[in-house]
Each structure stands twice: as structure tokens, then as C-alpha cells.
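*Asks:* Position one of the sequence shown corresponds to residue 255 (my numbering), numbered consecutively onward. We treat Cβ as the ideally placed atom computed from N, Cα and C, and that holds for glycine.
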Amino acid sequence: MSIFEAVILGLVQGLTEFLPVSSSGHLVICQHLLGIQEPPLTFDTLVHLGTLVPVFIIFWKDIADIIKRPFSRLPVLIVVGCIPAAVMGIALQPVFEKAFESLLVVGIGLLITGGILVLSEKVEISNIRNKTWSTMTVWDALFIGVMQGIAITPGISRSGSTIAGSLLRGLNRDYAARYSFLLSIPVILGAGLLQLKELPAGAFAGVNWLPYVMGPAIAAVSGYIAIKLVLRFLKSGRLSVFSYYCWAVGIITLVSYAVF
255 MSIFEAVILG LVQGLTEFLP VSSSGHLVIC QHLLGIQEPP LTFDTLVHLG
305 TLVPVFIIFW KDIADIIKRP FSRLPVLIVV GCIPAAVMGI ALQPVFEKAF
355 ESLLVVGIGL LITGGILVLS EKVEISNIRN KTWSTMTVWD ALFIGVMQGI
405 AITPGISRSG STIAGSLLRG LNRDYAARYS FLLSIPVILG AGLLQLKELP
455 AGAFAGVNWL PYVMGPAIAA VSGYIAIKLV LRFLKSGRLS VFSYYCWAVG
505 IITLVSYAVF
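1. Considering only the beta carbon of each residue, do Glu271 and Ser494 sit closer than 9 Å?
2. Under a Cβ-count criterion, where at least 16 other Cβ atoms within 10 Å of its own Cβ denotes burial, should Pro470 be classed as buried or exposed?
3. Give me, in chain order, the residues of the same chain whose beta-carbon lies closer than 8 Å to that of Val334; leave out the 5 immediate sequence neighbours on both sides.
4. Taking C-alpha atoms, which residue in Val503, Gln267, Ala512, Pro274 lies nearest to Leu371?
5. Find the nearest neighbour of Glu375 within the set Ser420, Ala339, Cys336, judged by alpha-carbon distance.
6. Going along the chain, which residues of its own chain have a beta-carbon closer than 7 Å to the beta-carbon of Ile390, five neighbours each way excluded?
7. With a Cβ-Cβ cutoff of 9 Å, do Cys500 and Gly403 count as a contact?
8. With a 10 Å radius around its C-beta and 16 neighbouring C-beta atoms as the bar for buried, classify Ser490 as buried or exposed.
9. Taking the beta carbon of Leu263 as the centre, do at least 16 other beta carbons fall within 10 Å, making it buried, or is it exposed?
10. My understanding is that Thr296 touches Gln267, with C-beta atoms under 8 Å, so please give their C-beta distance in whole angstroms.
11. Could you check whether the region 306-326 touches the region 463-483, counting it as contact only if at least three pairs of C-beta atoms, one from each stretch, sit closer than 8 Å?
12. In three-state terms, what does DSSP make of Leu300?
Structure (C-alpha cells):
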């Protein structure tokens with residue numbers, strides 16, 4: 255792997271992992287349209303783990319509270335929120351794997367992501383955006399978890415789906431963002447650990463370490479910037495601005511699929 259590819263993939267992974275624009279969709283686009291080959295499993299694992307760094311930095315108070323009180327309400331809600339994605343990921347694995355080969359799926363997924371972002375800010379329900387973790391229910395967590403499971407599909411944003419799902423279930427913006435990003439920890443960590451198990455013996459032997467250091471480092475820095483941007487836009491009620499980007503890239507992707 256070249257340094258250029260490591261920089262591009264690290265930047266794309268870090269930004270799109272947390273911006274509501276679908277990291278998996280953008281990685282598929284990079285591979286199909288930019289000619290960047292699928293990264294080695296070793297690199298992919300390290301980059302994914304690198305994106306956890308900004309989550310721990312920004313939400314360290316919440317994480318410290320979870321560690322101190324592992325059986326309190328928030329950890330339980332996080333576990334419940336992870337169940338649907340785990341079940342859907344295992345049950346529909348062949349379907350999702352096939353989807354990662356298709357620009358058509360990515361294009362449609364990005365259009366759906368844009369719609370979800372707009373819907374989350376337009377739909378009004380009786381108790382909209384006043385829930386906190388103390389009033390959030392198991393059913394809320396399950397609904398958000400299903401949204402996260404659907405987001406395994408390339409083109410559908412995990413952060414966008416879970417934040418939108420949280421808003422639709424009545425969480426206020428601050429708690430919606432915090433729950434979404436905290437929910438990403440077991441997902442990213444679990445995926446990274448599964449990838450580590452698949453690494454062959456001696457996977458790190460004889461490799462050029464510079465790309466393998468730069469990629470995760472860039473993913474961590476760009477991920478930090480992405481989280482801060484999402485928090486700023488969400489606080490001002492303008493998260494739907496990302497929908498225009500999703501629609502534009504989605505249309506371009508569908509046109510590219512039809513032409514090429």
C-alpha cells in the first residue's frame with residue numbers, strides 16, 4: 255500500500271465514519287471510481303480502531319461514568335441498542351456482502367440517507383426532543399438499534415441513521431448525538447476485534463510501517479474534526495444540510511453506475 259492510498263483512505267474513513275454521509279458507501283466509491291484497491295485487512299483494522307480515538311477524547315466523561323457504573327441505565331441502553339445490528343449483521347451477512355460490490359446500492363443508500371436526515375428534522379411528535387437517558391426507554395434503544403442495523407448497508411450512514419432515530423424517538427439534540435457516538439464504540443471495537451481474529455500469523459511481518467501509522471493517525475484527526483462538525487450542526491438544527499451532499503453524491507454515483 256502506498257502512502258498516498260493510506261492518506262486518502264484514512265481521511266475518508268475518519269471523516270465519513272462520523273459525518274452523516276456513510277463511510278462504507280464512500281469507501282466503495284473510492285474503490286470503484288478512483289481506482290483505489292481494497293486495503294489490506296491489517297490496514298483496514300488499524301484505521302477502524304483509529305477512529306475510536308476521537309470518540310474517547312470527546313466523550314471521555316460519559317465513558318468514565320459508564321466504567322464507574324457499568325450497570326446503570328446508559329450502559330444498558332447501549333447494549334440494547336447494539337442487539338438489532340448484531341442480529342441483522344449475522345442473519346443478513348450474505349446480503350450485505352453482496353451490497354458492498356454494487357454502486358447501485360450505494361447510490362440508492364445515499365439518497366435514503368439524505369431523506370432520513372431531512373425527515374428527522376421535519377417530523378413533529380408530541381414529546382419531540384425533550385428526552386434524556388433518564389426518560390429514554392428500551393423501545394427507544396431498540397428502534398435506534400434497528401436504524402443502526404439498516405445502516406450496515408453501504409450508502410446508509412450509521413451516524414446519520416442513529417442520530418435521526420434518536421431525534422425521531424424524542425431525544426434532545428445533545429443526548430441524541432452522545433448516544434449515537436457512544437453506540438459506535440462497541441460497533442467499531444467489535445468489528446476491529448473480529449478483523450484481528452482473521453489476521454493470519456505474521457500479518458505485520460515485513461510491512462512498510464509508515465502507511466500503517468499514517469492511515470490510523472489521519473483517521474483519528476479527521477474523525478475528531480468530523481465529530482465536532484456534527485455536534486455544531488446538530489446544535490444549531492442544521493444537520494439536514496448534509497442531505498444535499500448525500501443526494502448529490504448519490505445521483506452522481508447512480509449516473510456513473512448507469513454509464514459505466
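*Replies:* Reading it off the structure:
1. no
2. buried
3. Val392, Ala395, Leu396, Gly399
4. Here the closest residue by C-alpha is Pro274.
5. Ser420
6. Residue identity differs from the one stated: residue 390 is Met in this sequence, not Ile. Taken in chain order, the residues that qualify are Leu331, Leu425.
7. At a Cβ-Cβ threshold of 9 Å, Cys500 and Gly403 do not count as neighbours.
8. exposed
9. Classification of Leu263: buried, given that the 10 Å Cβ count is 16 or more.
10. Going by Cβ atoms, the distance from Thr296 to Gln267 rounds to 14 Å, so no, they are not a contact pair.
11. By the Cβ criterion, the region 306-326 is in contact with the region 463-483, since at least three pairs of Cβ atoms, one from each stretch, lie closer than 8 Å.
12. helix
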